[in-house]
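Let me begin by presenting the structure, written as structure tokens, before commenting on it.
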Amino acid sequence: MNLFAATPSGNAVSQLATGVVLGALAFYWLLPRPKGRSVAIGTFAAIAAAVVLTSWVVRQFGDVAKDTVGQALFWLFSAGAIFFAAVFVAQRNPARGAIAFAFVIVSVCGLFLLLAAPFLMAATIVIYAGAIIVTFLFVLMLSHTGPMSDENDRSREPLLGSLAGFAFLGLVLFALYQSSPAAVADGGRPDQKLPARPVTAEERAELLALAKDLELASVAKDKDELQERTKDLRDRFADIVGIPPSAPDAGHHDSAAASIPDRLALARDPQTIAIARQAEELRTLVRQTLNQVENATLKANPTDVEISAAAKSLGNLREKSMLLAGRGELPARNVTAVGHALYSEYLIAVELAGTLLLVATIGAVAIANRKGVTA
Amino acid sequence: MITVWHYLAVGAALFGLGLVGFLTRRNFITMFLCAEMMLQGVVLNLLAFGKMHGDLGGQVFGLFIVTVAACEAGLALALFLTLYRRGKTLDSGAWQSIREAKLPASVDVDPLRQTREIPDPVLTPAGRRPA
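So the protein sequences, as listed, match chains H and S. Sequential numbering from 1 applies to the first sequence in our numbering. Sequential numbering from 1001 applies to the second sequence in our numbering.
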């Protein structure tokens, strides 16, 4: 979006500030008040703020059209969540607000699904959209029994409140901007990116491509085919697991790209240490397997036993590469894995949460069941 | 490519909107739901970081946040019922008597008006009265 990019540099912050001020003004006009409320101006300002902030997010954090469906779903769910959140905050009628809040929850649950958390999605839908909303609609109906006054049409300090909320939003987005790749690339700032993943996406893709080639090589019939298919494997593994390349002057291999074991050498948490150890084992296995394959193929007349042994160890290497590629991704069986994590690593926390629920139930009963108050 | 920053931005927006609502609205239930919306923004952050690191800790923390939110909902509901029984209103501005000491009371510039009471629905009688 070049519409809001009038000047080439330094406009990121000013665009962010524009969006934040527009948003604060929008809610100043939208929040219910006896006098001075203007839904039309407020809606216009809210749409303008949404456009400015969305274009800011796209410009700063990137909008490369790769995963089209995932991207469409992300924009759909996040737009739904923010739209219904705005409706909920600016809605005068609390019952309608509760319905809008249910839609916020549904949209956020869609985002949970995109973030590979189906169990949490189901739990949130059941707990919020089911239990909490129904309970609150019950209370709202109960509150309509007496004489009513127009307190829902009033807001406390609409200008200061919206300014505070949007100042918070602007500061958080600015802090995110400072750590984003775009700002680090063009601002000359010190590299303060978020900590890298143990296995990056590029390394994962390369490991999967290697696994496919290894599969082809492991079914090779004769010596020449085996040699042909394995000749560049050493160089391709070199960057990932940190073995010296076959030729020392091979151009791109002496770049600064650190291999997985080098990068994780200083890691302290157990999971990362396990991944580093797995990468080191893969490094040893790559050396052994490729040496074995070379020994077999460099002979003048290798026996069939040697060829098949080399092919078999290539298949083994393929499995290990696939396993390393799978590290750093969330497990596919989400419910099983979450349950295992809950009852192994977080057992004390689960017990504490259960105790908290018990205490909260007792407290709620004790508060709500107070006798002697005229009902 | 949707990166972790996109999800963090959405989480921050939900938190900010919830903050606006919590600071400005006067209905207890609306204020409470705004606080819940802020919690949803935080859960979104945790899940995004958990996905980035390939770690289930984010989802487990999210689950605990949902648990604590459920406790909070039960307690808040009981408190609202008690306050409603005493004051016959869900307006937080009606409870100036329990404000912090030495702070001036915040009063409406123009006082609240009584609005029309919503009449109960009337069902048309049908059939015959049994003898």
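Note that CB positions come from ideal geometry on N, CA and C, so glycine has one too. On a predicted model such as this, the values are computed, not experimentally measured, just so you know.
Rounded distance between the beta-carbons of residue j and residue i, thought under 8 Å
| i | j | result |
| --- | --- | --- |
| GLN60/H | ALA182/H | 5 Å |
| ALA85/H | LEU1014/S | 6 Å |
| ALA220/H | ARG229/H | 6 Å |
| LEU22/H | ALA49/H | 4 Å |
| VAL286/H | LEU317/H | 7 Å |
| VAL1020/S | GLY165/H | 3 Å |
| LEU207/H | SER321/H | 5 Å |
| ALA1048/S | TYR1007/S | 4 Å |
| LEU1028/S | PHE1064/S | According to the sequence as given, residue 1028/S is Phe; it is not Leu. Between PHE1064/S and PHE1028/S the Cβ distance is about 25 Å, and since that is not below 8 Å, they are no contact. |
| LYS212/H | PRO302/H | So it is not a contact: roughly 25 Å between Cβ atoms. |
| ARG408/H | SER155/H | Given a span of 1 to 375 for chain H in the structure shown, any question on residue 408/H remains unanswerable. |
| ALA81/H | VAL108/H | 5 Å |
Chain S within 8 Å of residue i, Cβ atoms only
| i | result |
| --- | --- |
| GLU280/H | no |
| GLY382/H | The displayed coordinates of chain H run from 1 to 375. Any statement about residue 382/H would go beyond what the structure contains. |
| ALA375/H | Reliability fails at ALA375/H, whose pLDDT of 45 lies under 50, so the model's placement of it is uncertain and no value is given. |
| VAL134/H | no |
| ALA250/H | Residue placement at ALA250/H is flagged as unreliable, the pLDDT there being 49, under the threshold of 50; the coordinate-derived value follows with that caveat. Taking Cβ atoms only, chain S never reaches closer than 8 Å to ALA250/H, which makes this a no. |
| ASN11/H | no |
| ALA256/H | For ALA256/H, the predicted model reports a pLDDT of 44, less than 50, meaning its position is unreliable; a value from the coordinates is still stated below. For ALA256/H, the answer is no, since every Cβ of chain S falls outside 8 Å of its Cβ. |
| ILE105/H | yes |
| TYR346/H | yes |
| ILE367/H | yes |
| SER78/H | yes |
| GLN271/H | yes |
| THR124/H | yes |
| SER14/H | no |
| ALA220/H | no |
| PHE44/H | no |
| GLY339/H | no |
| PRO94/H | yes |
| HIS253/H | Since pLDDT at HIS253/H reaches only 45, below the 50 mark, its modelled position is unreliable, and no value is offered. |
| THR361/H | yes |
| LEU323/H | no |
| LEU207/H | no |
Residue-level contact to chain H via CB, residue i, 8 Å cutoff
| i | result |
| --- | --- |
| ILE1002/S | yes |
| ARG1099/S | no |
| TRP1005/S | yes |
| LEU1081/S | yes |
| VAL1020/S | yes |
| ALA1009/S | yes |
| LEU1017/S | yes |
| LEU1014/S | yes |
| LEU1112/S | yes |
| GLN1096/S | no |
| THR1124/S | no |
| ALA1105/S | no |
| ARG1026/S | yes |
| ALA1078/S | yes |
| GLY1074/S | yes |
| GLY1127/S | no |
Span of the alpha helix (DSSP H), counted from its first residue to its last, around residue i
| i | result |
| --- | --- |
| VAL261/H | It should be noted that the sequence gives Pro, not Val, for residue 261/H. Unbroken alpha helix (DSSP H) run through PRO261/H: 260 to 263. |
| VAL20/H | 11 to 30 |
| VAL1010/S | 1004 to 1024 |
| ARG229/H | 223 to 230 |
| ALA90/H | 68 to 90 |
| ILE47/H | 39 to 61 |
| ARG236/H | 233 to 241 |
| ASP213/H | 201 to 218 |
| LEU358/H | 347 to 368 |
| SER162/H | 158 to 179 |
| ASP153/H | From DSSP, ASP153/H is part of no alpha helix (DSSP H); its letter is neither H nor E. |
| ILE307/H | 304 to 326 |
| ALA102/H | 94 to 114 |
| GLY376/H | Lying before the first or after the last residue shown, residue 376/H is absent from chain H, which here runs from 1 to 375. |
| THR124/H | 118 to 124 |
Contact test: residue i Cβ vs the ligand GDP heavy atom, cutoff 7 Å
| i | result |
| --- | --- |
| LEU1077/S | Ligands displayed in this structure: none; no statement on the ligand GDP is therefore possible. |
(request) Using a Cβ-Cβ cut-off of less than 9 Å, give me the residues of the region 1032 to 1056 of chain S that come near chain H, in sequence order. (result) PHE1032, LEU1033, CYS1034, GLU1036, MET1037, GLN1040, GLY1041, VAL1043, LEU1044, LEU1047, ALA1048, PHE1049, GLY1050, LYS1051, MET1052, HIS1053, GLY1054, ASP1055 and LEU1056
(request) Mind checking the region 25 to 38 of chain H against chain B and listing, in chain order, the residues whose C-beta falls within less than 7 Å of any C-beta there? (result) Here chain B cannot be found, since the structure's protein chains are H and S.
(request) Please list the residues of the region 1061 to 1072 of chain S that have a C-beta atom closer than 8 Å to any C-beta atom in chain H, keeping them in chain order. (result) GLY1062, LEU1063, PHE1064, VAL1066, THR1067, VAL1068, ALA1069, ALA1070, CYS1071 and GLU1072
(request) Within the region 1054 to 1122 of chain S, note down every full alpha helix (DSSP H) run reaching 4 residues or more, in order along the chain. (result) 1057 to 1087
(message) Threshold first: 4 residues or longer. Then list the alpha helix (DSSP H) segments lying entirely within the region 270 to 301 of chain H, N to C.
(response) 270 to 298
(request) Taking only beta carbons into account, state which residues of the region 109 to 121 of chain H come closer than 9 Å to chain S, listed in chain order. (result) LEU111, PHE112, LEU114, LEU115, ALA116, ALA117, PHE119 and LEU120
(request) Taking only beta carbons into account, state which residues of the region 293 to 321 of chain H come closer than 7 Å to chain S, listed in chain order. (result) none
(message) Under 7 Å, CB to CB, which of the residues in the region 149 to 172 of chain H have a partner in chain S?
(response) SER149, ASP150, GLU151, ASN152, ARG154, SER155, ARG156, GLU157, PRO158, GLY161, SER162, ALA164, GLY165, PHE166, PHE168, LEU169 and VAL172
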